[in-house]
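A.B. asks: To start, I am sharing the structure in question, which I have written as structure tokens.
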Amino acid sequence: RNLSMFDGQGCCGNIEADVCTSMKGCDCISGMDLLKEALKDRFDECWSLAQRAVDDTKGMIIKCGGKPIKAEYHLACGGGTQNSEDVYGNSVMYFRKVLCNYCRGSLYYENIVDIPVKEIEDKLHVKCSNGSPVSGPKIEGMIDEIEREETGRVRKIKIGGKYFTGNEIKELLGLNSSRFGWDPLVLRFRVRGTGNGIGMCLYGADSMAREGRSYFDILKYYYTNIDIEKIDLVNDEKPLEGRIFVIDPGHGGVYSDEEKGLLGVRESEVNLYIAKKLRGYLEQSGAKAILTRTDDVEMSLPARVEMVNSIRPNFLISIHQNWFYTSGISGTEAFFYRGDKDGENMSRMIVDNIVKSLGTVNRGSKYADLYLLRESKISSVVVECMYLSNPLEEKKLSDEKVKDEIARAIYQGIMDYYGLEPKKHK
4 RNLSMFDGQG
14 CCGNIEADVC
24 TSMKGCDCIS
34 GMDLLKEALK
44 DRFDECWSLA
54 QRAVDDTKGM
64 IIKCGGKPIK
74 AEYHLACGGG
84 TQNSEDVYGN
94 SVMYFRKVLC
104 NYCRGSLYYE
114 NIVDIPVKEI
124 EDKLHVKCSN
134 GSPVSGPKIE
144 GMIDEIEREE
154 TGRVRKIKIG
164 GKYFTGNEIK
174 ELLGLNSSRF
184 GWDPLVLRFR
194 VRGTGNGIGM
204 CLYGADSMAR
214 EGRSYFDILK
224 YYYTNIDIEK
234 IDLVNDEKPL
244 EGRIFVIDPG
254 HGGVYSDEEK
264 GLLGVRESEV
274 NLYIAKKLRG
284 YLEQSGAKAI
294 LTRTDDVEMS
304 LPARVEMVNS
314 IRPNFLISIH
324 QNWFYTSGIS
334 GTEAFFYRGD
344 KDGENMSRMI
354 VDNIVKSLGT
364 VNRGSKYADL
374 YLLRESKISS
384 VVVECMYLSN
394 PLEEKKLSDE
404 KVKDEIARAI
414 YQGIMDYYGL
424 EPKKHK
């Protein structure tokens with residue numbers, strides 16, 4: 004979804020590039036001429052290897068728990084990859100730490116960076132303690148065990164593991180007095196590895212390949228708990244085949260005044276109608292669609308979350324109608340959880356299609372810290388189709404044709420997200 008052809012951000016370094024990763028240093032290639040210039044006399048050999056790799060892995064997909072993985076990678080791990088929770092805050096089964104010495108000989112295995120303390124303070128928004136003639140920070144393994152007399156003169160100090168008196172330091176370093184402090188002006192960082200350490204170590208994988216290891220062995224080494232399978236091409240008759248959706252008709256059972264419009268239209272009934280229609284569209288396109296409730300019954304949020312997390316679908320779509328105390332407010336909006344890029348993209352496409360189909364006000368897609376979004380361990384969207392508190396929109400929601408259009412628009416948004424053509428349902 005970062006591809007420019009799907010309205011993504013594309014490449015900030017080369018506007019003609021079709022593909023761009025988020026790695027430090029752009030990996031994109033814009034045309035064969037650029038490749039030939041970069042590889043020179045090695046082009047034919049490298050191109051042949053690339054073509055062979057494409058042919059050998061044609062139709063193959065990496066899965067974990069029956070679902071495709073996001074095959075992240077980095078240049079050099081520096082001795083071991085990282086667990087996903089140490090980078091992203093959540094545990095991913097195929098991003099488990101593995102030891103790796105294969106990248107030891109790469110240019111990116113170790114490097115040195117000198118950064119002025121002032122720059123560190125500015126970038127980290129911190130203030131490091133400044134030294135004075137009678138003070139200075141301890142630097143472990145370099146300057147420690149400092150003993151001063153009452154006027155601030157150094158009586159004893161340990162530098163580089165060796166003890167000195169203040170007068171000895173004065174004489175040896177040519178200082179004016181034994182009353183001295185110090186300020187580090189530059190910190191030298193010794194860095195091992197390049198990248199976030201998630202997934203495949205590229206230089207490590209290259210070394211493994213040079214040792215004769217197969218792509219299968221390399222992938223299984225860096226991506227844990229995975230299966231590598233051959234998949235069929237997309238079925239035009241069932242383009243969503245293999246995908247699972249949980250559709251959540253919001254509310255149900257006991258309801259408050261906020262869940263019913265002035266004309267008596269009940270939100271729980273509208274949500275359920277739309278959800279069932281959407282399920283039909285998705286199933287006709289080959290997907291498995293599961294409703295959290297199929298009748299007008301009460302279901303707690305924890306129960307809905309438990310159901311979603313036990314099924315582990317590709318997406319959760321929760322259908323709601325909005326409410327505001329001022330009846331003039333109207334429109335369509337959707338919500339996603341912080342950091343859920345798939346949820347953000349899906350919510351935007353669903354809102355755009357409802358607005359286009361029904362002519363509602365586009366209130367956009369937004370981040371929200373909602374229980375359902377926060378606790379569901381998969382990409383999720385909460386759709387607020389219309390405002391029940393608005394008499395005009397409430398009247399529309401009493402019309403089955405309008406509810407059918409909403410369901411169809413949500414389905415169209417889902418298909419747009421996957422880059423698929425919707426089926427022409429009767």
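Heads up: the sequence shown begins at 4 in this note's numbering, then just goes up one per residue. Cβ coordinates follow ideal geometry from the N, Cα and C atoms, glycine included. Just so we're clear, the structure is a prediction, and the values are computed from it rather than from any experiment.
Just to confirm the assignment: which complete alpha helix (DSSP H) runs, minimum length 4, are found wholly within the stretch 46-82?
C.D. replies: Within the stretch 46-82, the complete alpha helix (DSSP H) runs of at least 4 residues are 46-59.
A.B. asks: Looking only at its own chain, which residues have a Cβ that is under 7 Å from the Cβ of G28, when we skip the five neighbours before and after it?
C.D. replies: The residue you call residue 28 lines up with position 25 of the sequence shown. Confidence at G28 is low in this model, with a pLDDT of 48, below 50, so its placement is unreliable and the value that follows should be read with caution. Nothing meets the Cβ criterion.
A.B. asks: Where does Y111 sit, in a helix, a strand or coil, going by DSSP?
C.D. replies: Locating residue 111 in the sequence shown gives position 108, where the first residue counts as 1. Note: Y111 maps to coil in three-state DSSP.
A.B. asks: What residue range does the beta strand (DSSP E) around A337 cover?
C.D. replies: Numbered from its first residue, the sequence shown carries residue 337 at position 334. Per DSSP, A337 belongs to the beta strand (DSSP E) from T335 to F339.
A.B. asks: On the DSSP letters alone, give me the boundaries of the alpha helix (DSSP H) that G367 sits inside.
C.D. replies: Here the question's residue 367 lines up with position 364 in the sequence shown. Not the alpha helix (DSSP H): G367 falls in the beta strand (DSSP E), residues N365 to Y370.
A.B. asks: Which residue from P252, K233 and N356 puts its Cα closest to that of D59?
C.D. replies: In the sequence shown, the residue the question calls residue 59 occupies position 56. Among P252, K233 and N356, the Cα nearest to that of D59 is on K233.
A.B. asks: Assign K43 to buried or exposed, taking buried as 16 or more other Cβ atoms, counted over all protein chains shown, within 10 Å of its Cβ.
C.D. replies: Looking up residue 43 in the sequence shown gives position 40. Exposed, since its Cβ has fewer than 16 Cβ neighbours within 10 Å.
A.B. asks: In this structure, what does DSSP give as the bridge partners for F318?
C.D. replies: Residue numbering aside, residue 318 sits at position 315 when the sequence shown is read from its first letter. F318 pairs with F248.
A.B. asks: Do A278 and I314 have their beta-carbon atoms positioned less than 9 Å apart in this structure?
C.D. replies: One-based indexing of the sequence shown puts residue 314 at position 311. One-based indexing of the sequence shown puts residue 278 at position 275. No, these two residues do not count as a Cβ contact at 9 Å.
A.B. asks: Please classify G335: is it buried, with 16 or more other beta-carbons within 10 angstroms of its beta-carbon, or exposed?
C.D. replies: Reading the sequence shown from its first residue, position 332 is the one you call residue 335. At residue 335 the sequence reads Thr, which differs from the Gly that was named. The residue is buried, with at least 16 neighbouring Cβ atoms inside 10 Å.
A.B. asks: Closer than 7 Å by C-beta to V116: which residues in its own chain qualify, once you throw out the five before and the five after it? Chain order, please.
C.D. replies: On the sequence shown, position 113 is the one that residue 116 refers to. Once the five neighbours on either side are set aside, the close Cβ partners of V116 are F192 and V194.
A.B. asks: Can you give me the start and stop residues for the beta strand (DSSP E) that D147 sits inside?
C.D. replies: The sequence position of residue 147 within the sequence shown is 144, counting from 1. Counting along the chain, the beta strand (DSSP E) containing D147 begins and ends at I146 to R151.
A.B. asks: List, from N- to C-terminal side, the beta strand (DSSP E) runs of 3 residues or more that fit wholly inside the stretch 169-225.
C.D. replies: The stretch 169-225 contains these whole beta strand (DSSP E) runs: 189-195.
A.B. asks: Report the residue from S210, E113 and F183 whose alpha carbon sits nearest the alpha carbon of G196.
C.D. replies: Here the question's residue 196 lines up with position 193 in the sequence shown. When each option's Cα is compared against that of G196, the closest is E113.
A.B. asks: Could you tell me the alpha carbon to alpha carbon distance between L190 and P119, rounded to whole angstroms?
C.D. replies: Walking along the sequence shown from the start, residue 190 turns up at place 187. Walking along the sequence shown from the start, residue 119 turns up at place 116. Going by the C-alpha atoms only, they are around 6 Å apart.
A.B. asks: I'd like to confirm the pairing. Which residues does DSSP put opposite P119 in its beta bridges?
C.D. replies: Residue numbering aside, residue 119 sits at position 116 when the sequence shown is read from its first letter. DSSP lists V189 as partners of P119.
A.B. asks: Mapping DSSP to helix, strand and coil, what is Q324?
C.D. replies: Along the sequence shown, one-based indexing puts residue 324 at 321. Reduced to three states, the DSSP call for Q324 is strand.
A.B. asks: Between which two residues does the alpha helix (DSSP H) carrying D345 extend?
C.D. replies: In the sequence shown, the residue the question calls residue 345 occupies position 342. Looking at the DSSP string, the run of the alpha helix (DSSP H) that includes D345 is K344 to L361.
A.B. asks: Since S365 and D419 are thought to touch, with beta carbons under 8 Å apart, how far apart are those beta carbons, to the nearest angstrom?
C.D. replies: Numbered from 1 along the sequence shown, position 362 holds the residue referred to as residue 365. Numbered from 1 along the sequence shown, position 416 holds the residue referred to as residue 419. The residue asked about is misnamed: residue 365 is Asn in this sequence, not Ser. The pair is not a contact, with the Cβ atoms about 15 Å apart (cut-off 8 Å).
A.B. asks: Report the three-state DSSP secondary structure of G28 (helix, strand or coil).
C.D. replies: Along the sequence shown, read from residue 1 onward, the residue named residue 28 stands at position 25. Residue placement at G28 is flagged as unreliable, the pLDDT there being 48, under the threshold of 50; the coordinate-derived value follows with that caveat. Note: G28 maps to coil in three-state DSSP.
A.B. asks: Excluding five sequence neighbours on each side, which residues of the same chain lie with their C-beta closer than 7 Å to the C-beta of E75?
C.D. replies: As a working mapping, residue 75 is identified with position 72 in the sequence shown. Within the same chain, E75 has close Cβ partners I201 and G202.
A.B. asks: Assuming M389 is part of the beta strand (DSSP E), what are its boundary residues?
C.D. replies: For the purposes of this step, residue 389 is identified with residue 386 of the sequence shown, where counting begins at 1. S383 to Y390 is the extent of the beta strand (DSSP E) around M389.
A.B. asks: So is A410 buried or exposed if we call it buried at 16+ other beta carbons inside 10 Å?
C.D. replies: Locating residue 410 in the sequence shown gives position 407, where the first residue counts as 1. With 16 or more other Cβ atoms within 10 Å, it is buried.
A.B. asks: Less than 8 Å between C-beta atoms, sequence neighbours within five positions excluded: which residues of the same chain meet that for V157?
C.D. replies: As a working mapping, residue 157 is identified with position 154 in the sequence shown. These residues qualify, in order along the chain: I149, E150, R151, T168, G169, I172, S181, R182 and F183.
A.B. asks: Using beta-carbon positions only, say whether N393 and S330 come within less than 9 Å of one another.
C.D. replies: The count along the sequence shown starts at 1 and reaches residue 393 at position 390. The count along the sequence shown starts at 1 and reaches residue 330 at position 327. Yes, these two residues count as a Cβ contact at 9 Å.
A.B. asks: Check whether the Cβ atoms of R282 and I250 sit closer than 9 Å, and answer yes or no.
C.D. replies: Numbered from 1 along the sequence shown, position 279 holds the residue referred to as residue 282. Numbered from 1 along the sequence shown, position 247 holds the residue referred to as residue 250. Yes, the pair counts as a contact, with Cβ atoms nearer than the cut-off.
A.B. asks: Going by DSSP, what residue range makes up the alpha helix (DSSP H) through D36?
C.D. replies: Locating residue 36 in the sequence shown gives position 33, where the first residue counts as 1. From DSSP, the alpha helix (DSSP H) with D36 extends over M35 to L42.
A.B. asks: Rounded to the nearest angstrom, what separates L52 and Y105 at their Cα positions?
C.D. replies: Numbered from its first residue, the sequence shown carries residue 52 at position 49. Numbered from its first residue, the sequence shown carries residue 105 at position 102. Their backbone Cα atoms lie some 21 Å apart in a straight line.
A.B. asks: In three-state DSSP terms, what is E143?
C.D. replies: Along the sequence shown, read from residue 1 onward, the residue named residue 143 stands at position 140. E143: coil per DSSP, three-state reduction.
A.B. asks: Drop a sphere of 10 angstroms on the beta-carbon of E174, count the other beta-carbons inside from all chains shown, and report buried for 16 or more, exposed for fewer.
C.D. replies: Locating residue 174 in the sequence shown gives position 171, counting from the first residue. That one is exposed.
A.B. asks: Is it true that the CB of Y414 sits closer than 9 Å to the CB of L285?
C.D. replies: Looking up residue 285 in the sequence shown gives position 282. Looking up residue 414 in the sequence shown gives position 411. It is a contact, given that the beta carbons lie within the stated cut-off.
A.B. asks: Is the separation between the beta-carbon of F339 and that of K359 shorter than 9 Å?
C.D. replies: Translated into the one-based positions of the sequence shown, residue 339 becomes position 336. Translated into the one-based positions of the sequence shown, residue 359 becomes position 356. No, these two residues do not count as a Cβ contact at 9 Å.
A.B. asks: Using the rule of at least 16 other Cβ atoms within 10 Å of the residue's Cβ for burial, across every protein chain shown, is S135 buried or exposed?
C.D. replies: Mapped onto the sequence shown, residue 135 falls at position 132. Looking at its Cβ environment, which holds fewer than 16 other Cβ atoms inside 10 Å, S135 is exposed.
A.B. asks: Note down, in chain order, each residue of its chain lying with its Cβ closer than 7 Å to the Cβ of E272, except the 5 sequence neighbours on either side.
C.D. replies: Taking the first residue of the sequence shown as position 1, residue 272 is located at position 269. The residues are D299.
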